[in-house]
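What follows is one structure encoded as C-alpha cells, with my remarks underneath.
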Amino acid sequence: MTRIAIFVIVFSLHNLNGCFANSLNYSKCNKNHCIDIKYLTPTNERVEIHIHCSVHFTKDLLCDNVWSNVTVLSLVGNWNHEHGVDLESNTFERFGHLEELRFVGVQIVTLYPGSFRGLDNLRILDLSNCVSLGYSNFLSAFESDATLPRLQELILHMTGNRADNFMLRDVFAKLLYSRPVRVLDLSDMLITEFEFSSTGRYARYLEFLNVSGISVLNYANSNGILDRIMPSLKILDLSRIDADKIFSKVSHFWCPNEKLCIPTHILVDRNYLNVSLDAVYLDNMPGNTHPRHVVSSSPIEVRCLLGTTFNLKNLYLRRNFVSVVDIELDLKCPTIIALLDLSDNGLQYINPKAFWKITSLKQLFLSDNSLGEMVSSQPEQFQHLFAPFEILEILDLSRNKIATLLDGTFISNRRLKLLNLAGNVFQHFSFNLRELTNLEYLDLSDNYLLELDSNGLAKLNCIQIDTEMDFGGRTIQCSKCEHYNTVKWLLEHKESIFSNTSLTCVNSKADVELISKTVEENLHYICYRNIYIRNNIICSSVAFVCFCSIVVVVIIRIRRQRNFHRQHRRRQQTIRRLDNGQLQFAAFILYSSKDEEFMRNFVYANLEKNLKLKVDSERELVGFGDKNFKVGHCIMNEIIRCTKASATIVVVLSDNFCSSDFCLQEFDVAFRVGKPIILMLKGEVNISLAPVAIRDLFNTYVRVLWRIDDYGEYELMTSWDNVSNSILELGGVLGD
C-alpha cells in the first residue's frame, strides 16, 4: 500500500508539472520560471503559488485534480507594479473545496466574467493591495447572485486605488445582499463616491465593517448618512476616516486650537435608534499628528428620541493627538460603554465632566498620555476625574509622567481590580489606596521608587494583603549589586524612618525577605561574585579545553599508530608469503589485448620496478597472461592458477576491456577466486558497459586513475609508492 501511495503522489505531481509546462508558454516570463508552487501535495490543503512575472491563469494551467483538495490558496507576488495576474473564466473550476483565496503582493489583477466560477465554497476573498483592479473589472467577475454564494469575508484594502476607483453605491451594496458577507474591509481605499445608506439596506449579515483611512474623490455626490444601522453589525472601524473629511458631522471635533467649534445641542437621528455594537474604532481620526484641543464654553447636550439606547461595549479613540478635552458632555440618551480607550493621545487635560454620564465604564485606558501635567497644575480636578465610574474594574494610567497622586483619587472606585501606574515618575509612594478593597493587581514597575520613606511604607502596608504588586524596573530589590547602596542607606536610617514598619525586598530567588545586615552582606558578596565566577569560569574553561585537546591528540595519535602498524604488518606478511613461496606474484594484471602496449610501457614496467624496491628482491613480482600462462594448458585453469598464486589482481579497465567477452570471462573467473581486485582506469571509461560486479567495485573501492595530460601522454593520478603499498597491504591476512 505504501508503494501504491508513493506512486500516486509521484504520478500526480508529474501530471501537474506537465500542465504547467504546457501552459506557461503563454506567460511573459523567461525560461518558464514564472510560478513556484509551495506545499502542494495530494493531501495538503494550504498551497502558495509564488508569481515572479505576468501570468495568464486558465483552467488548463490548473489542470490536475490535486487542486480539488486545496482549501486555502495564496497567490503571492513580488510587489512589482508591472507584473500582473489574469484570471480567465473557469480558472478555478477544479477548486471545489477552496475556502480562502488571497492575493499577496499582487498589484495588477484582471478578472473576467466567470473568473470565480466553481468557487461555491469560498468563504474568504482577500484582494488587498490589488491597486490596479478596477471597479468595473471587479464587478464583471460577479456574473450573478450564484457567484461566490458562501462568501463571508471580502477584504479590499487599497483595492482599485490606481485606476477605475470603486463606487460604494447600490451596485456594490447589492453584492452583499445575496451573500452571507460578515466581514467587509474597505480600509485605505480611494473611492470615487459613496452612499452608505445602500450598505445599510443590503448588508443583512455584516458584522465587521472597516472603512479606516478611506478617501473620496467626489465628496459632493456622496452621502455618509446611514438610513438605519445594520442590525447584525458588531464591529465598526472608522479610524483615520476624517483625514479626508468624509463625515462632515465628525470633522468639527478636530478643529485645532479653536474654541466654540462644537455645537452645544446635538439631536441623534432617528435612524440610529437602539445602537448595539461590540466595538467602535475611532483611532487617529484626523489622520495626522497635529495637537488639538476639544473645547466648548457651554455644556454639550446630546438628546435622542424616547426609547433610544446606545450600547457600545468597546470604544477606541487612540492616537487622535487631542491634548485638551475641555467639554461638559450631558448625555440625555441611555449610553452603555464598558471599555473606553484614550491611549496615546498626548492628553494633558480632561474635564472631569467630559465623560461623567458614562457611568457604565468597567475599563478605562489612558496610557501613553501626559496627564502628569494635569496632576501638577490642577490636582483637585484630577482627583475627581474618576469619581463617576463606580463600577470601574481596570484603570490604566501607565506612562503619563505622573509624579504624585492626592489621597482620595480612587475613593469612588471601590470595585477596581487592576491599577496600572507603570512607567511614571513616582519617587515616593505618597497616595493612599486604603479604599481599594478589591484590588488584585497594582503595577508600579519602571518608576523611580529608589527611596521609600515611612509614610510611603505605611500606605503600602494598608493595601489588601492579597494584592499582587509589581515593583519591576527601578524599584527596591536586594538581588543585584546596584541595590547595595540603597539597602545600606535603608539599614542606616531604618530606626528613624521606618519605625514600627517591616521593610522587605525581593532576593535572587524571587522570595520576599526582611532587609537586614545579612541582606547587606549578601549584596556585598553579589557585587564581587561576578569576578569570582568569571575567574572560576575562565580557569575551568581553560582546563577543560586543555584536557579535551590532550585527549583528542592522544586518541588521534594512537589511532594513527595502530593504523600504521597494521598496514606495516600486512605488507610484511605479504612479503613473507612471497619469500617462502606461498605466493608467486604480488600482482597479476588482467587487460585487453588492444591495451597491451599501454600495459607493458606504463603499468607493468613501473609496477615491477616499484614492487622490487618494496620487497627488496630481484625475482619477478608482476605477472600477466601472455607471459606467465603455461603453453598448451586450459586458459581458464591458467587464470585460476595465476590468480591463486597472486596477492592482488590489477584490472586495466578500459572501454576495450568492457567490450571484450573474453576479458569479461577472465575477470569473472578471477573474481570468483576471491582475491583483492584493484581497478586501474585507462582514461575516460564508459562504466555502463561493464558488468554488475565491476560496477560494484567501481562504486565501492578506490580506483587508480590514468589521465591524458596536455602533451597527450598518460599520467598517473597517484604515486607508484601508494599503489605498491596498497598491493602489499591487500595481500596480507585481514582481521589481524
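Heads up: the sequence shown runs through residues -21 to -1, 1 to 715, numbered per mature numbering (1 follows the signal peptide of the UniProt record, and there is no 0).
Ideal placement from N, C-alpha and C gives every residue a C-beta, glycine not left out.
Residue i, DSSP secondary structure in three states
i, result
"Met615", "helix"
"Arg549", "helix"
"Cys518", "helix"
"Ser633", "coil"
"Gln342", "strand"
"Asn1", "For Asn1, the pLDDT reaches just 43, beneath the cut-off of 50, and the residue's location in the model is therefore unreliable, leaving the point undetermined."
"His76", "coil"
"Leu54", "strand"
"Leu695", "strand"
"Val671", "helix"
"Ser475", "Any answer about Ser475 is weak, because its pLDDT of 39 lies below 50 and its placement is not dependable; what the coordinates show is given next. If DSSP states are grouped into helix, strand and coil, Ser475 belongs with the helices."
"Asp99", "coil"
"Asn498", "For the record, residue 498 in the displayed sequence is Val; it is not Asn. DSSP places Val498 in helix when its eight states are reduced to three."
"Val702", "helix"
"Leu66", "strand"
"Gly192", "coil"
"Gly662", "coil"
Distance, residue j Cα to residue i Cα
i, j, result
"Ala120", "Ser166", "21 Å"
"Leu343", "Val190", "25 Å"
"Ser487", "His60", "57 Å"
"Asn704", "Lys591", "12 Å"
"Arg682", "Ile628", "13 Å"
"Val671", "Arg545", "32 Å"
"Arg73", "Ser94", "12 Å"
"Arg555", "Ile517", "56 Å"
"Asn9", "Asp15", "Low local confidence applies: a pLDDT of 43 at Asn9 is under 50, so the model's placement there is unreliable, and no value is given."
"Cys642", "Arg651", "14 Å"
"Leu470", "Ile510", "26 Å"
"His31", "Cys13", "5 Å"
"Val648", "Ile619", "7 Å"
"Gly653", "Val594", "23 Å"
"Ala142", "Leu118", "14 Å"
"Leu326", "Ser115", "45 Å"
"Asp490", "Asn403", "25 Å"
"Tyr504", "Gly387", "43 Å"
"Lys609", "Glu576", "22 Å"
"Val274", "Val303", "7 Å"
"Leu154", "Asp124", "8 Å"
"Ala566", "Gly560", "14 Å"
"Ala333", "Val466", "45 Å"
"Cys109", "Leu54", "12 Å"
"Arg271", "Val498", "52 Å"
Pair within 7 Å by beta-carbon distance, residue i and residue j
i, j, result
"Ile316", "Leu296", "no"
"Leu106", "Phe82", "yes"
"Leu709", "Pro655", "yes"
"Phe36", "Thr70", "yes"
"Ser571", "Ser639", "yes"
"Asn589", "Asp634", "no"
"Met209", "Leu185", "yes"
"Asn299", "Asn324", "yes"
"Asn100", "His76", "yes"
"Asn399", "Lys438", "no"
"Leu684", "Leu658", "no"
Where residue i falls, given that 16 or more other Cβ within 10 Å makes a residue buried
i, result
"Phe523", "exposed"
"Asn348", "buried"
"His62", "buried"
"Thr178", "buried"
"Gly662", "exposed"
"Met578", "buried"
"Met615", "exposed"
"Trp58", "exposed"
"Glu512", "Just to set this straight, residue 512 is Ile in the shown sequence, not Glu. Ile512 comes out exposed."
"Asn200", "exposed"
"Tyr328", "buried"
"Thr126", "buried"
"Ile673", "buried"
Test: residue i CB closer than 7 Å to a CB of chain C
i, result
"Asp167", "Looking at the structure shown, chain C is missing, and only one protein chain is on hand."
Boundaries of the beta strand (DSSP E) in which residue i is found, first to last residue
i, result
"Ala258", "254 to 260"
"Cys484", "483 to 485"
"Ala152", "Taken as a continuous stretch (DSSP letters only), Ala152 belongs to no beta strand (DSSP E), being part of the alpha helix (DSSP H) at 149 to 156."
"Val162", "162 to 164"
"Val610", "First-last for Val610: undefined, no H or E at that position."
"Gly351", "Gly351 -> not in any beta strand (DSSP E); alpha helix (DSSP H) instead, spanning 351 to 356."
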